[in-house]
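Per the numbering used here: the sequence shown = residues 942 to 1163. Yeah, the Cβ is synthetic: ideal placement off N, Cα and C, and Gly gets one too. See below for the structure under consideration.
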Amino acid sequence: MRKIFISSIGTGHGKTFVASHLIRQLRAKNKVQALKPLISGFDAADETNDAALLLRALGLPVNEQYYDAIAPFRFVVPTSPDLAMALENREVSLDEMMQAIKLRTTKEDADICVIEGAGGLFSPLTKHHTNFDLLLRLGAPLLLVADTRLGSISQLLSLLVSCRMWGIQVVQLVLSQSEESHAMTPQDMLKSLCDHGVRLPVVMLPRVKEHDNLPDITGWMR
Ligand SMILES: Nc1ncnc2c1ncn2[C@@H]1O[C@H](COP(=O)(O)OP(=O)(O)OP(=O)(O)O)[C@@H](O)[C@H]1O
Ligand SMILES: [Mg+2]
């Protein structure tokens, strides 16, 4: 089964928004699966938690059984995963996370599994590992999301250097319009990134209300 890892330059940049959008588009031609291996700040009653949004994009019921299927490690405390683990007295190792992912992706009953990381690419995931370590272990291509708030270009350029150094294949960059009123546009951001030597497939997303009429984000699948 193919995998795509969705990460971003920080928390709240639009990973789940993009993942849901991507899942809906992929479902037109593919059998799609999704995983959010670790969630912190999880509230089952909140219909907009990441797992619920991904389940809805997959057209699956939102309940405990499906939460277990797509988000095996759920923490209630709304903080970084390593701290949530310490506060909830439940350590999860990278090996355990990899096992849970393997268990859910070996049946080959889907064409592609969309995996959303937790927070930013270098956000701590366990006591000793970050999302980047998980990505290296998965060996999956990366779809990187950044919104247009001030500071994004610097963070994005730093992440791309790390990806290049470690041989991570960035197959898609998604630049999403931030809701901040003084934010630049995705077009401004793309121009600046190009001026600074970035040569990657880019999709620009406007700020929208619904998922309808968003640009195609599946080009990397072909
Ligand atoms: N292009 C967009 N148009 C409209 N709303 C957007 C867009 N991009 C992101 N959002 C909204 O911004 C908020 C943050 O996005 P999202 O939850 O997808 O971020 P995230 O990176 O998944 O965050 P987390 O690190 O908590 O998982 C959400 O309410 C989402 O619906
Ligand atoms: Mg999310």
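- Sequence-distant Cβ neighbours of P1022 in its own chain, meaning closer than 6 Å and more than five residues away, are L979, S981, A1059, L1066.
- Within the stretch 1051-1108, the complete alpha helix (DSSP H) segments of 4 residues or longer fall at 1072-1079, 1093-1107, listed in chain order.
- Comparing C-alpha distances from L1028 to each of L1116, V1017, E1037 shows the shortest one belongs to V1017.
- Of the residues assessed, K1132 falls on the exposed side of the cut-off, its CB having fewer than 16 other CB atoms within 10 angstroms.
- For I1042, no pairing in a beta bridge is given by DSSP.
- Nearest neighbour of S1119 by Cα position, chosen from K1043, V1086, Q1110, M1106, turns out to be V1086.
- As DSSP reads the structure, L1116 sits in a beta bridge with A1087, M1145.
- Of the other Cβ atoms in all chains shown, fewer than 16 fall within 10 Å of the Cβ of V1149; this residue is therefore exposed.
- Separation of S1099 and M1039 (C-alpha to C-alpha, rounded to the nearest whole angstrom) is 26 Å.
- Between the stretch 965-973 and the stretch 1045-1052, the count of Cβ pairs shorter than 8 Å is three or higher; the stretches touch.
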